[in-house]
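**Student:** Residues in the sequence shown are numbered consecutively from 233, following my numbering. Would you mind keeping the following structure in view while I ask a few things?
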Amino acid sequence: MNRIDATFQKLQEQGRKALIPFVTAGDAGLDTTEQLVLQLEASGADIIELGVPFSDPIAEGPVIQEASVRSLENGTKLVDIFDLVKRLREKTQVPLLLMLYINSIFGFGTERFFQLCAESGVDGVIVPDLPYEEQDEIQEAADRAGVYSISMVAPTSQERIAMIASAAKGFLYCVSSTGVTGMRKEFTTDFDAFFHTIRQSAHIPCAVGFGLSGPEQAKAISAYCDGVIVGSAIVKLVAESGKDCVEPVGHFTASLRKALDS
Numbered sequence: 233m234n235r236i237d238a239t240f241q242k243l244q245e246q247g248r249k250a251l252i253p254f255v256t257a258g259d260a261g262l263d264t265t266e267q268l269v270l271q272l273e274a275s276g277a278d279i280i281e282l283g284v285p286f287s288d289p290i291a292e293g294p295v296i297q298e299a300s301v302r303s304l305e306n307g308t309k310l311v312d313i314f315d316l317v318k319r320l321r322e323k324t325q326v327p328l329l330l331m332l333y334i335n336s337i338f339g340f341g342t343e344r345f346f347q348l349c350a351e352s353g354v355d356g357v358i359v360p361d362l363p364y365e366e367q368d369e370i371q372e373a374a375d376r377a378g379v380y381s382i383s384m385v386a387p388t389s390q391e392r393i394a395m396i397a398s399a400a401k402g403f404l405y406c407v408s409s410t411g412v413t414g415m416r417k418e419f420t421t422d423f424d425a426f427f428h429t430i431r432q433s434a435h436i437p438c439a440v441g442f443g444l445s446g447p448e449q450a451k452a453i454s455a456y457c458d459g460v461i462v463g464s465a466i467v468k469l470v471a472e473s474g475k476d477c478v479e480p481v482g483h484f485t486a487s488l489r490k491a492l493d494s
């Protein structure tokens with residue numbers, strides 16, 4: 233069983249929500265990223281997303297764009313991230329996802345990419361610029377490797393939601409609002425209507441991401457879904473503290489976990 237499935241099954245049995253933090257791999261250095269992943273898990277994270285730095289991250293807001301720039305300036309390469317995952321697998325079995333853009337996969341070689349995902353211990357990938365209708369570009373290679381390609385739906389997906397949700401694996405990534413990633417003070421999305429449509433077709437867990445900025449928002453959004461994804465708020469802490477970010481990120485993550493469990 234894929235670690236993602238096993239994690240959601242365990243959480244469902246416990247009546248708990250998944251906490252899924254995001255960090256950009258190589259931001260503040262890969263050694264720091266390794267420490268962060270272990271601290272995130274210790275602070276209550278259930279699944280962890282590692283962002284692969286890219287020169288033109290079109291789905292990202294300024295906070296994650298700047299993290300990508302810092303990571304690239306540190307010399308982070310995809311092969312280094314695979315090595316990082318291998319090291320982490322000696323210490324943890326927490327599900328790990330790579331979030332990256334399709335050109336990073338094509339440039340690396342699709343078959344080789346998914347083979348290394350499997351060999352290193354990556355459980356799934358999120359490719360925000362790959363439309364559902366073009367999933368066959370990577371799906372066969374992902375399936376052969378036993379790696380989930382996580383599907384995304386947004387409020388603007390409308391009639392496409394049923395098609396996307398019915399074929400999704402692992403969990404369905406539900407984008408909270410239109411636009412790019414980044415912390416938001418409030419959401420204009422009608423979550424009742426959005427999730428009414430999603431629940432008619434989705435047979436797997438659903439997690440909401442894009443814009444969640446703190447414990448209160450995470451708790452409120454969790455009423456609609458099976459998990460919450462928090463990225464920019466954590467990446468901002470990394471930007472502020474650099475290599476000293478592990479402790480503040482741990483405290484923030486623990487506050488999210490406490491809110492979800494309350």
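From the three backbone atoms N, C-alpha and C, an ideal C-beta is built for every residue, glycine too. Being a predicted model, the structure only gives us computed values, none of them experimental.
On the premise that S433 lies in contact with A397, defined as a C-beta separation below 8 Å, what is that separation, rounded to the nearest angstrom?
**Tutor:** About 4 Å; that satisfies the 8 Å criterion.
**Student:** Would you be able to state if there are at least three C-beta pairs under 8 Å between the stretch 261-272 and the stretch 293-301?
**Tutor:** No, because fewer than three Cβ pairs between the stretch 293-301 and the stretch 261-272 fall closer than 8 Å, the two stretches do not touch.
**Student:** In whole angstroms, what separates the C-alpha of V354 from that of G441?
**Tutor:** Going from the Cα of V354 to the Cα of G441 covers about 20 Å.
**Student:** Just verifying my parser: in three-state terms, what is the DSSP assignment at P253?
**Tutor:** In the structure shown, P253 sits in a strand (DSSP, three-state: E or B).
**Student:** Measuring straight from C-alpha to C-alpha, what distance separates I358 and C406?
**Tutor:** For I358 and C406, the distance between alpha carbons rounds to 12 Å.
**Student:** Just to confirm, is the Cβ distance from T324 to E273 under 7 Å?
**Tutor:** Yes, the Cβ-Cβ distance between T324 and E273 is below 7 Å.
**Student:** List the whole-angstrom C-beta distance separating L188 from V467, where the pair is believed to meet the contact cut-off of C-beta under 8 Å.
**Tutor:** Because residue 188 is not part of the residues shown, which for the chain are 233 to 494, the question remains open.
**Student:** Between which two residues does the alpha helix (DSSP H) containing S464 stretch?
**Tutor:** Its alpha helix (DSSP H) spans residues 464-473.
**Student:** Between the beta-carbon of G356 and the beta-carbon of I236, is there less than 7 Å?
**Tutor:** Cβ atoms of G356 and I236: closer than 7 Å.
**Student:** When DSSP labels each residue in this structure, what does R416 get in the three-state scheme?
**Tutor:** Here R416 scores only 44 on pLDDT, less than 50, and its place in the model is too uncertain to base an answer on.
**Student:** Short check: CB of T308 to CB of G247, under 7 Å?
**Tutor:** No.
**Student:** Could you give the distance in angstroms between the alpha-carbon of L328 and the alpha-carbon of I279?
**Tutor:** So the two alpha carbons sit approximately 6 Å from each other.
**Student:** What are the start and end residues of the alpha helix (DSSP H) that includes L243?
**Tutor:** That run of the alpha helix (DSSP H) goes 235-246.
**Student:** Return the residue from the list A452, I334, T421 that minimises the CA-CA distance to S494.
**Tutor:** Ranking the options by Cα distance to S494, first place goes to A452.
**Student:** Flag this pair as yes or no: are the beta carbons of Y333 and D361 separated by less than 7 Å?
**Tutor:** Result yes, Cβ atoms of Y333 and D361 sit closer than 7 Å.
**Student:** Answer yes or no: do V462 and P294 have a C-beta to C-beta separation smaller than 7 Å?
**Tutor:** No, the Cβ-Cβ distance between V462 and P294 is not below 7 Å.
**Student:** Which same chain residues, not among the five before or five after L348, have their C-beta less than 7 Å away from its C-beta?
**Tutor:** So the qualifying residues of the chain are F314.
**Student:** On the DSSP bridge list, what partners appear for A439?
**Tutor:** Per DSSP, Y405, G459.
**Student:** Quick check for students: name the residue ranges of the alpha helix (DSSP H) that lie wholly in the stretch 352-384, counting only runs of 4 or more.
**Tutor:** If we require 4 residues or more, the alpha helix (DSSP H) runs fully inside the stretch 352-384 come out as 371-377.
**Student:** Please state whether DSSP places I279 in a helix, a strand or coil.
**Tutor:** In this structure, I279 counts as coil in the three-state DSSP scheme.
**Student:** Name the one or two DSSP bridge partners that M395 has.
**Tutor:** The partner list for M395 (beta bridge, DSSP) is empty, contrary to what the question assumes.
**Student:** Have a look at M233, Q244, A260 and flag the residue whose alpha-carbon is nearest the alpha-carbon of L469.
**Tutor:** Here the closest residue by C-alpha is A260.
**Student:** From G414 to A450, what distance separates their C-alpha atoms?
**Tutor:** Its pLDDT being 43, under 50, G414 is placed unreliably in this model, and the coordinates cannot settle the point.
**Student:** My assumption, with CB atoms under 8 Å, is that K318 sits in contact with S352. Please give the rounded CB distance.
**Tutor:** About 5 Å; that satisfies the 8 Å criterion.
**Student:** Which same chain residues, not among the five before or five after Q241, have their C-beta less than 6 Å away from its C-beta?
**Tutor:** Taken in chain order, the list of residues that qualify is empty.
**Student:** Taking the C-alpha atoms as reference points, what is the distance between E366 and E372?
**Tutor:** Those two C-alpha atoms are separated by around 12 Å.
**Student:** Whole angstroms are fine: how far does the CA of E305 sit from the CA of E245?
**Tutor:** C-alpha separation (whole angstroms): 43 Å.
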